[in-house]
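There are 2 protein chains.
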Amino acid sequence: MATTPRKNPTGTSIADIARRAGVSSSTVSRALNNNPAINITTREKIQAIARELNYKVNTGARNLRLQRSHTIALIINAEKVDGQTFSDPFMMDMIGAIADELNEHQYSLLYSSSAIKPQDWCSHLLSSQRADGVIVIGQGRNDEPLRKLQQESNAVVAWGARLDNANYCIVGSDNYLGGQLATRHLIKRGCTRMLFLGDVEHPEIERRFHGYFDALAEQGLSSREHHVQSAFSIESGYQHVIELLTKGLDFDGIFAASDNIAMGAINALREKGLRVPLDVAVVGFDDIPIAPYFNPPLTSVRQNVHLGGKILVQKVMAMVKGQSVTSEIIKTELVVRSSS
Amino acid sequence: MATTPRKNPTGTSIADIARRAGVSSSTVSRALNNNPAINITTREKIQAIARELNYKVNTGARNLRLQRSHTIALIINAEKVDGQTFSDPFMMDMIGAIADELNEHQYSLLYSSSAIKPQDWCSHLLSSQRADGVIVIGQGRNDEPLRKLQQESNAVVAWGARLDNANYCIVGSDNYLGGQLATRHLIKRGCTRMLFLGDVEHPEIERRFHGYFDALAEQGLSSREHHVQSAFSIESGYQHVIELLTKGLDFDGIFAASDNIAMGAINALREKGLRVPLDVAVVGFDDIPIAPYFNPPLTSVRQNVHLGGKILVQKVMAMVKGQSVTSEIIKTELVVRSSS
DNA sequence: AGCAGTATTGCAATCGATTGCAATACTGCT
DNA sequence: AGCAGTATTGCAATCGATTGCAATACTGCT
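Residue numbers (the working numbering), protein chains in the order written: chain A, 791 to 1130; chain B, 791 to 1130.
1) Assuming B:Glu991 and B:Ala951 are in contact, meaning their beta carbons sit under 8 angstroms apart, how far apart are those beta carbons, in whole angstroms?
2) Run through chain A and tell me which residues come within less than 8 angstroms of B:Ala948, C-beta to C-beta.
3) Under 7 angstroms Cβ to Cβ from A:Ser819, same chain only, skipping five residues before and after it: list those, please.
4) Would A:Ala1007 be called buried (16 or more neighbouring beta carbons within 10 Å of its own) or exposed?
5) On a Cα-Cα basis, can you pick out the residue from A:Ala840, A:Ala811, A:Val926 and A:Leu822 that is closest to A:Gly801?
6) Are the CB atoms of A:His1030 and A:Ser1023 within a distance shorter than 7 angstroms?
7) Can you tell me where the alpha helix (DSSP H) holding A:Gly886 begins and where it ends?
8) Using a Cβ-Cβ cut-off of less than 7 angstroms, list which residues of the segment 1087-1112 of chain B approach chain A; keep chain order.
9) With 7 angstroms as the threshold, decide whether the Cβ of A:Tyr966 is near any Cβ in chain B.
10) Would you kindly report the start and end of the unbroken alpha helix (DSSP H) that includes B:Glu1158?
11) Could you check how far apart the C-beta atoms of B:Thr927 and B:Met884 are, in whole angstroms? I think they sit under 8 angstroms.
12) Quick one: which chain A residues come within Cβ less than 7 angstroms of B:Asn1057?
13) A:Ala1108 to A:Asn944, Cα distance in whole Å?
14) Going along chain A in order, which residues have a C-beta closer than 7 angstroms to the C-beta of B:Asp910?
15) Strictly below 8 angstroms CB to CB, what residues from chain A border B:Gly962?
16) State the Cα-Cα distance for the pair B:Leu892 and B:Leu899, rounded to the nearest angstrom.
17) For B:Ala838, which of B:Ala851, B:Thr861 and B:Leu822 has the nearest alpha-carbon?
18) Taking buried to mean at least 16 other C-beta atoms within 10 Å of its own C-beta, is B:Asn825 buried or exposed?
19) Is the shortest distance between the beta-carbon of A:Pro935 and the beta-carbons of chain B less than 7 angstroms?
20) Below 8 angstroms, how does it come out for the segment 848-862 of chain B and the segment 1060-1075 of chain B: are there three or more Cβ pairs, yes or no?
21) For B:Pro879, go through chain A and note every residue whose CB falls closer than 8 angstroms to its CB, in chain order.
22) Of all the options A:Arg974, A:His1000, A:Val946 and A:Ile1080, which has the alpha carbon lying nearest to the alpha carbon of B:Glu1025?
23) Show which residues of chain A have a CB atom less than 8 angstroms away from the CB atom of B:Asn853.
24) Whose CA, out of A:Leu854, A:Tyr845, A:Ser903 and A:Asp922, lies closest to the CA of A:Ala868?
25) For B:Asn1050, count neighbouring C-beta atoms within 10 Å of its own C-beta (all shown protein chains included) and say buried if the count is 16 or more, exposed if not.
26) Take A:Val785 as the anchor and find which of A:Val813, A:Val1106, A:Ile807 and A:Arg1127 has the nearest alpha-carbon.
27) Please list, in chain order, all residues of the same chain as A:Asp806 whose beta carbon is under 7 angstroms from its beta carbon, the five residues on each side excluded.
28) What does B:Ile1024 touch in chain A if you count any residue whose Cβ is under 8 angstroms from its own?
29) To test your reading of the DSSP string, which unbroken beta strand (DSSP E) runs of 3 or more residues are found completely within the segment 1046-1112 of chain A?
30) So is A:Gly886 in contact with chain B if we call contact Cβ pairs under 7 angstroms?
31) Quick test of your reading: A:Leu1124 and A:Ala972, contact by CB under 8 angstroms. State the CB separation rounded to the nearest angstrom.
32) Just to confirm the assignment, what range does the alpha helix (DSSP H) spanning A:Thr817 have?
33) Here's the rule I'm using: 16 or more other beta-carbon atoms within 10 Å means buried, otherwise exposed. How should A:Ala1196 be labelled?
34) Is it the case that the Cβ atoms of A:Arg1065 and A:Thr1089 are separated by a distance below 7 angstroms?
35) Could you name the residues of the same chain whose beta carbon sits closer than 6 angstroms to that of A:Pro1086, not counting the 5 residues immediately before and after it, in chain order?
36) Counting only Cβ pairs nearer than 8 angstroms, list the residues of chain A close to B:Ser1129.
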């Protein structure tokens, strides 16, 4: 079945309504904006005509005149694996939360995956006046592009971890606390030879590692191996643990930097005949929707994604309005299940 | 740390370059568009100045003049569960694929979650000239809003199942085939008392059910229970199976309309002491990234999400260009793992 | 030098909505 | 009737980029 396109009659413009109502477009514009300067009778007549003609304001034209875009850009700053877009339920939740909150503010959401090169962020979004502000999810291994973006714009908020030389506003989970909670829990469960799985080049992961490291130190313990370069994917968690076990590394507790990594790790452990949590206890991070339904149900550090999305939007909106804004860290909590 | 906003100097405009170069803005515009009517020397001089001033075209203004938006709107048409945004790895992959493909075409992606009411789709996106075309993921229980959208616009593509009275372009997986493949596989595995989990009010699910139903009929089998109203969530799969088992329903095979449902179902089975696949074999749909890492690894019908995203974009772009376009069904394949 | 013919450039309008200011219409009063 | 004062409305410019058409500059020729 072929869907043959018809020419879209470009819709109704203010000029059309003006002609129909026998007034000037200024009057129509004011009437539609409910400007009390316009006589109530005229106003209602014009509004009726607008309804009848199914008039919808041309957002582009209005934004041009008003020198704003009424749009926030969202950049998912995550590297792609094998040309495949990074896929994490955590992201989906975050995007949803942001979209809903922007909707509350009557703002549009311009979505950009990492397909746009960081050096083009500015040109693509801000300089070309496409967005009033930018939300970036993830700082990446190097936050240089983010700092540059902030320099050229006045409304950038990133989801990530607080960095010393960051000039942009950061909203993120208390990753350090999360790392501590997870590790203390593993210690309490009797683990003594612990493994951290994650790529500490990512600031957020580094904070998680730091909390983990300090919690171990509290008890005079040290980490078996920590600099495991692991992306956020299930596959990488699996691969790394297989490798480590093949090398004969001995451990009884794993703190994984994400639930995806944790799930991959558990698969590797199972494959090598190790039981979770009996032989190795595992704690993840994120508490994605599937965590309680994994086998074994995953102990995880919960990030409050919906609150995070909401705050990200509120910060960026405040900056757009010219208000001054501070970074914010959101509490994390440990959700204990059977994997530990 | 407070991030104090500075006023954004609105960037450089063509007029600025014109002043600087001592020419008219027409000349600048033409030079920047590499119009050969402009002397090559002038052209290069102007381009150099533009680079120096870090000029970026104002997309809004250009689009207004050119009567286009160079933007495609993406609507995730999925109901929310408990006010939480629908979250499925499948969606994330799809969004990523669409974003990447649009990026190839130099188009922007305007994202709208289901927070916008369907009756507002048109006003929000098309009438207000915000998007040249619309991609809708999911037809929902009732595709009336979609049909209306198509009527008012000339570029709507939906991801879903072919419906008789649909006037819009549809791209989707071969759900019927998927249902058949899954069911024939279960039959071959020796299942005779089969259960379908899914909400057949959704056209896509209905197709899956139909394939399932017909495959059963081929062997003279019938479905134990089919009209299980199950959303796409893990929780609902879990809940339904718990209820059915509590009612004492007896079955040895499950075809779940999504991997999420399948994973929930498996949890319920396990909780009730049933083994997968020994007591009950389970097949899901989607083949989300976690499927092979679930325990047991999930047999599932794979949807080619990346191809799907690509085709969705190509269709909508073709329609925007005024070309005529046909609906398209993408092959599905069964990926057999240990859950069956 | 003068002219036709081409090469370059600029004027002015346009896309649609908004708004400061001026113009007009109306009101109520003496 | 005439006037001040208020209530309504419209003119014209503006946001920034683009483009048809006209104007100007230049080229090469006799």
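Glycine included, every Cβ here is placed at the ideal spot set by N, Cα and C.
This is what the structure gives:
1) The Cβ separation is near 12 angstroms, so there is no contact.
2) Residues of chain A whose Cβ lies closer than 8 angstroms to the Cβ of B:Ala948 do not exist, since the nearest Cβ in that chain is about 11 angstroms away.
3) Counting only Cβ-Cβ distances below 7 angstroms, and skipping sequence neighbours, we find Ile804.
4) For A:Ala1007, the number of other beta carbons within 10 angstroms of its own is below 16, and it is reported as exposed.
5) For A:Gly801, the nearest C-alpha among the options comes from A:Ala840.
6) No. Outside cutoff.
7) Where A:Gly886 is concerned, the enclosing alpha helix (DSSP H) stretches over Pro879 to Glu894.
8) Correct list: Met1109 and Gly1112.
9) Output row for A:Tyr966: interface = no.
10) Chain B is shown only over 791 to 1130; residue 1158 of chain B falls outside these bounds and no answer can be derived.
11) Before going further, note that residue 927 of chain B is Ile rather than Thr in the sequence given. Confirmed, about 6 angstroms.
12) Contacts between B:Asn1057 and chain A, judged by CB atoms closer than 7 angstroms, involve Tyr1083 in chain order.
13) Separation of A:Ala1108 and A:Asn944 (C-alpha to C-alpha, rounded to the nearest whole angstrom) is 11 angstroms.
14) Near B:Asp910 there are no residues of chain A at all, since even the closest Cβ is about 10 angstroms away, more than 7 angstroms.
15) Residues of chain A passing the Cβ test: none, with the nearest at roughly 13 angstroms.
16) Looking at the two C-alpha atoms, the distance is approximately 7 angstroms.
17) Per the Cα distances, B:Leu822.
18) So B:Asn825 ends up on the exposed side.
19) So no, A:Pro935 is outside the interface.
20) Judged by Cβ distances under 8 angstroms, the segment 848-862 of chain B makes no contact with the segment 1060-1075 of chain B, as fewer than three pairs qualify.
21) In chain order, Ser877, Asp878, Pro879 and Met882 make up the part of chain A whose C-beta sits under 8 angstroms from the C-beta of B:Pro879.
22) Each of A:Arg974, A:His1000, A:Val946 and A:Ile1080 was checked against the Cα of B:Glu1025, and the nearest Cα belongs to A:Ile1080.
23) For the C-beta of B:Asn853, the chain A residues within less than 8 angstroms are, from N- to C-terminus, Gly850.
24) For the residues A:Leu854, A:Tyr845, A:Ser903 and A:Asp922, the minimum Cα distance to A:Ala868 belongs to A:Ser903.
25) Buried, by the Cβ-count rule.
26) This structure does not reach residue 785 of chain A, given that chain A is present from 791 up to 1130, and the question cannot be answered.
27) Only Leu843 meet the Cβ criterion.
28) Identification of chain A residues near B:Ile1024 by a Cβ-Cβ cut-off of 8 angstroms yields Pro1079, Ile1080 and Tyr1083, ordered along the chain.
29) The qualifying runs are 1071-1076 and 1089-1092.
30) A:Gly886 counts as touching chain B.
31) Separation of the CB atoms of A:Leu1124 and A:Ala972 is rounded to 6 angstroms, and the pair is thereby assigned contact status at 8 angstroms.
32) In the DSSP assignment, A:Thr817 falls within the unbroken alpha helix (DSSP H) covering Ser815 to Leu822.
33) The requested residue 1196 of chain A does not occur in the structure, where chain A is confined to residues 791 to 1130.
34) Contact flag unset, no.
35) Around A:Pro1086, the same chain offers Val1066, Ser1128 and Ser1129 as residues with beta carbons nearer than 6 angstroms, after the five sequence neighbours per side are excluded.
36) Chain-ordered listing is empty here: chain A has no CB closer than 8 angstroms to the CB of B:Ser1129, the nearest sitting near 11 angstroms.
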